[in-house]
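Report on one structure; see the data block that follows.
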């Protein structure tokens with residue numbers, strides 16, 4: 001048993017290492033599957049599939065960069081007078097029947113608070129509560145989160161539902177009772193959390209041949225969908241307007257002069273469909289692209305002739321953006337196929353859809369917005385643990401190419417060079433980025449569990465080693481060799497005790513428990529003395545004749561008075577003193593101290609101690 005303990009200890013250490021690896025294993029980004037449908041009253045847009053409620057209801061939604069609660073279009077929305085689509089249920093990405101969900105818990109009616117979107121006229125209220133959210137449909141193998149913040153909407157300003165991407169908590173009354181967001185709950189999961197509070201998105205391209213679906217990754221980015229650059233944008237000072245950029249210049253292949261001479265500050269939104277720019281810039285677009293503003297719809301409508309001309313010219317608009325008006329910037333090229341969108345009948349109040357150019361006139365500098373039309377050509381990656389984001393040129397790889405999902409790792413507690421910025425394409429991050437943020441709840445739990453496991457294993461190994469060392473210092477006597485307990489035992493190798501030889505048999509009475517003795521000559525099996533099958537031979541007291549036994553010779557004590565005088569025999573460790581008789585081949589044994597309990601018991605039954613002869 002002593003020799004087995006090190007193996008047990010090694011096994012425990014291996015198991016502990018495996019457990020530690022499981023606990024501290026790398027987190028995995030989540031790639032949200034596109035619905036493979038194109039939705040919206042403008043666009044159309046590549047949507048993403050999620051489920052909500054119990055039993056699960058399926059929806060097609062857009063990402064919401066600045067919302068902490070997921071928006072779902074309520075059934076009441078299709079009773080609105082402005083919703084004249086006969087197939088309203090599908091047109092709005094499917095409707096949420098909250099009363100049919102057993103896990104819906106209602107909170108109340110509150111404003112949606114789309115701070116940036118409200119500046120351009122998109123706002124509304126929502127029926128808030130909590131329900132279960134699944135990031136995908138059945139078979140997508142994506143997680144379900146219980147009791148997530150949900151807002152049921154009926155406004156037409158947001159035609160489709162949206163998935164909350166802002167990790168900041170939801171607050172209904174004050175900031176003293178924050179409710180964790182969906183992103184924070186994903187980060188805090190004890191099993192398979194996302195690596196960091198980050199996400200990446202590009203809108204796809206409906207008009208490209210073949211069509212390209214949008215991409216949405218939580219906790220990482222898809223390295224196949226953008227061209228890397230080294231420009232990092234800090235979040236805006238107002239947390240309601242995180243994605244602040246400086247548009248340094250705008251140029252087009254249709255004009256020699258820039259469309260934008262002086263840089264402006266603008267904001268990126270995933271919930272606004274169009275691009276809002278100063279009226280002076282819009283006028284230069286009108287001249288370069290021969291656009292006409294429609295006062296009724298407040299859209300730049302494209303007639304068939306103009307559209308065909310622009311398709312042939314295939315112009316490109318180039319945006320140069322940076323963190324500041326002056327300094328380093330990144331270039332985003334928008335081809336014409338990302339500039340002609342389709343306005344549905346709901347948007348134009350007409351009987352048929354119309355093509356339009358997604359450019360809007362801003363009334364003031366608070367309305368400068370780069371919406372989803374811009375994000376067809378740009379790849380946006382947000383990192384809330386570093387308070388920064390990256391903009392890159394979007395790429396359109398073949399649909400046959402596998403996605404390459406890369407985790408955005410959380411920052412270390414010390415200054416970290418290169419930790420998690422997708423802009424460089426190698427997860428190397430912003431040089432010199434600093435962060436003192438605490439670890440997530442999931443990471444803290446994992447570290448604590450790992451430390452407990454390692455501590456327990458170290459203590460157990462130390463205890464086993466101590467026991468083993470202590471066992472080596474103690475001599476072990478042979479334990480009972482009862483035939484019913486046929487177990488071999490170890491003894492100390494320093495001194496071997498003298499035992500009866502393995503070749504000596506001892507008779508016992510038939511009603512006694514048979515015993516077996518271990519030989520001292522080496523490891524042998526215990527020898528069993530037959531209890532009943534062998535007869536007992538009794539020597540006469542006055543007849544010193546030798547007696548033959550059936551199998552192995554019996555040896556008994558020799559009285560000193562009958563011992564011969566010569567001492568020429570060689571002693572052995574088992575038989576301390578052999579004495580040679582006058583007859584060749586006959587030896588006598590004389591040592592009372594080495595008789596075993598079985599022989600002693602035999603003589604104590606009243607039988608006389610006789611001189612016995614052993615034939616060798």
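Residue numbers (full-length UniProt numbering): 1 to 616.
Ideal Cβ positions, reconstructed from N, Cα and C, are used throughout, including at glycine.
Just so it is clear, the structure is predicted and the values come from calculations on it, not from any experiment.
Which of helix, strand or coil DSSP assigns to residue i
i, result
"residue 200", "strand"
"residue 115", "helix"
"residue 60", "strand"
"residue 42", "strand"
"residue 95", "coil"
"residue 333", "strand"
"residue 233", "strand"
"residue 105", "strand"
"residue 459", "helix"
"residue 348", "helix"
"residue 385", "coil"
"residue 33", "coil"
"residue 239", "helix"
"residue 510", "Its pLDDT being 49, under 50, residue 510 is placed unreliably in this model, and the value from its coordinates should be taken loosely. Looking at residue 510 - three-state DSSP - the assignment turns out to be coil, as it is neither helix nor strand."
"residue 79", "helix"
"residue 374", "helix"
"residue 149", "strand"
"residue 89", "helix"
"residue 72", "strand"
"residue 362", "strand"
"residue 396", "coil"
"residue 504", "A caution first: residue 504 carries a pLDDT of 49, below 50, which makes its placement in the model unreliable, though a value can still be read off. Coil."
"residue 218", "strand"
"residue 518", "Low confidence applies to residue 518: its pLDDT is 49, below 50, so where it sits in the model is not reliable, and the reading given next is rough at best. Looking at residue 518 - three-state DSSP - the assignment turns out to be coil, as it is neither helix nor strand."
"residue 28", "coil"
"residue 225", "helix"
"residue 466", "helix"
"residue 338", "helix"
"residue 664", "Missing from the structure shown is residue 664; the chain here goes from 1 to 616 and no further."
Beta-carbon separation (whole angstroms), residue i vs residue j, contact threshold 8 Å
i, j, result
"residue 343", "residue 42", "5 Å"
"residue 105", "residue 126", "That pair is no contact at about 15 Å."
"residue 174", "residue 54", "About 30 Å; that fails the 8 Å criterion."
"residue 182", "residue 70", "6 Å"
"residue 112", "residue 121", "The pair is not a contact, with the Cβ atoms about 13 Å apart (cut-off 8 Å)."
"residue 276", "residue 368", "6 Å"
"residue 220", "residue 405", "5 Å"
"residue 329", "residue 320", "5 Å"
"residue 318", "residue 309", "The pair is not a contact, with the Cβ atoms about 20 Å apart (cut-off 8 Å)."
"residue 30", "residue 218", "4 Å"
C-beta contact flag for residue i and residue j at 7 Å
i, j, result
"residue 116", "residue 269", "yes"
"residue 355", "residue 340", "yes"
"residue 60", "residue 136", "no"
"residue 378", "residue 394", "yes"
"residue 322", "residue 266", "no"
"residue 274", "residue 358", "yes"
"residue 197", "residue 385", "yes"
"residue 243", "residue 392", "no"
"residue 28", "residue 192", "yes"
"residue 700", "residue 68", "Nothing can be reported for residue 700, as the shown portion of the chain is limited to 1 through 616."
"residue 260", "residue 252", "no"
"residue 255", "residue 223", "no"
"residue 63", "residue 201", "yes"
"residue 375", "residue 203", "yes"
"residue 380", "residue 195", "no"
"residue 290", "residue 306", "yes"
"residue 73", "residue 153", "yes"
"residue 97", "residue 79", "no"
"residue 325", "residue 263", "yes"
key: alpha helix (DSSP H) segments (min. 4 residues) lying fully within the region 155-206   = DSSP runs (the alpha helix (DSSP H)) wholly in the region 155-206: 182-188.
key: Touch test, the region 143-159 against the region 231-250, Cβ-Cβ under 8 Å, three pairs minimum   = Not touching, per the Cβ criterion.
Any 3 or more C-beta pairs closer than 8 Å across the region 45-52 and the region 128-147 = Taking 8 Å as the limit for Cβ pairs, the verdict is that the region 128-147 does touch the region 45-52.
message = My parser needs the alpha helix (DSSP H) runs of 4 or more residues fully inside the region 266-312; what are they?
response = Runs of the alpha helix (DSSP H) inside the region 266-312: 279-289.
ask   = Between the region 293-313 and the region 86-96, do three or more beta carbon pairs fall short of 8 Å?
value = Touching, no, given that fewer than three Cβ pairs across the two stretches are closer than 8 Å.
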